[in-house]
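Under the numbering used here, the first residue of the sequence shown carries the number 1331, and numbering increases by one thereafter.
Where is the CB? At the ideal position from N, CA and C, for every residue including glycine.
On a predicted model such as this, the values are computed, not experimentally measured, just so you know.
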Amino acid sequence: MVLNFRKLKTELSKSDRGFSFAEIIASLAIMLILSSAVGFSAIKYIDKARYTAALTQISSFKTALQTYYLDCGTYPTEEQGLAALWEKPYISPVPANWNGPYSEREICNDPWGNQYIYKVPGSNNLPFEIISYGSDGKEGGEGNASDIVSWKK
């Protein structure tokens, strides 16, 4: 039995031949719109997660600074910075009773890649203050770009 391919090809109806160019473009447009909506939602949640991570890191620094204070009798100076929680300071005044490290790992940048700001004394008559300038890396701002400070809850 020999098949005639020409005859078979002509017997296919137009609907069996595949998608038209317009149908492909419409499908791509719908996929683009849906992926854009998902992408913007994901960015929103990523920024919120970074903000929460900065709050958690600052809280961890506060706990480590309190332990440092109990051992050494003072908080690290601004010159010594938060690095004094990881390694014994070599800048005067060098604490005699340093029993660190007080942090589980080396002090890193905030979730946006900027350094944390450590001030001694801090605002509001507090002994220290730790600040992340948020997603914009600048003082001030609103939402996820607002400053995250150690004395705010």
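With distances taken Cα to Cα, identify the nearest neighbour of Tyr-1398 among Asp-1377, Lys-1449, Gly-1430, Lys-1374.
-> Relative to the Cα of Tyr-1398, the nearest Cα in the group Asp-1377, Lys-1449, Gly-1430, Lys-1374 belongs to Gly-1430.
How many Å lie between Ser-1465 and Ala-1372 at the Cα?
-> Ser-1465 and Ala-1372 have their C-alpha atoms spaced approximately 16 Å apart.
What three-state label does DSSP hand Glu-1353 in the structure shown?
-> In the structure shown, Glu-1353 sits in a helix (DSSP, three-state: H, G or I).
Could you work out which residue in Phe-1458, Tyr-1463, Glu-1469 is closest to Trp-1481 when comparing CA atoms only?
-> Closest in alpha carbon position to Trp-1481, among Phe-1458, Tyr-1463, Glu-1469, is Phe-1458.
Mind reading off the beta-carbon distance from Ser-1462 to Asn-1444? Whole number of angstroms is fine, and I expect it under 8 Å.
-> The beta carbons of Ser-1462 and Asn-1444 sit about 7 Å from each other, so the pair counts as a contact at 8 Å.
Answer yes or no: do Asp-1440 and Tyr-1446 have a C-beta to C-beta separation smaller than 8 Å?
-> Yes, they are a contact pair.
What residue does the beta strand (DSSP E) around Ser-1476 start on, and which one ends it?
-> First-last for Ser-1476: undefined, no H or E at that position.
Do Ile-1437 and Leu-1412 have their C-beta atoms closer together than 8 Å?
-> Inclusion of Ile-1437 and Leu-1412 in the CB contact set at 8 Å is warranted, their separation being smaller than that value.
By how many angstroms is the C-alpha of Lys-1468 removed from the C-alpha of Asp-1477?
-> Pairing Asp-1477 with Lys-1468, the inter-Cα distance amounts to about 8 Å.
Per-residue DSSP class, three states only, for Ser-1462 = Ser-1462: strand per DSSP, three-state reduction.
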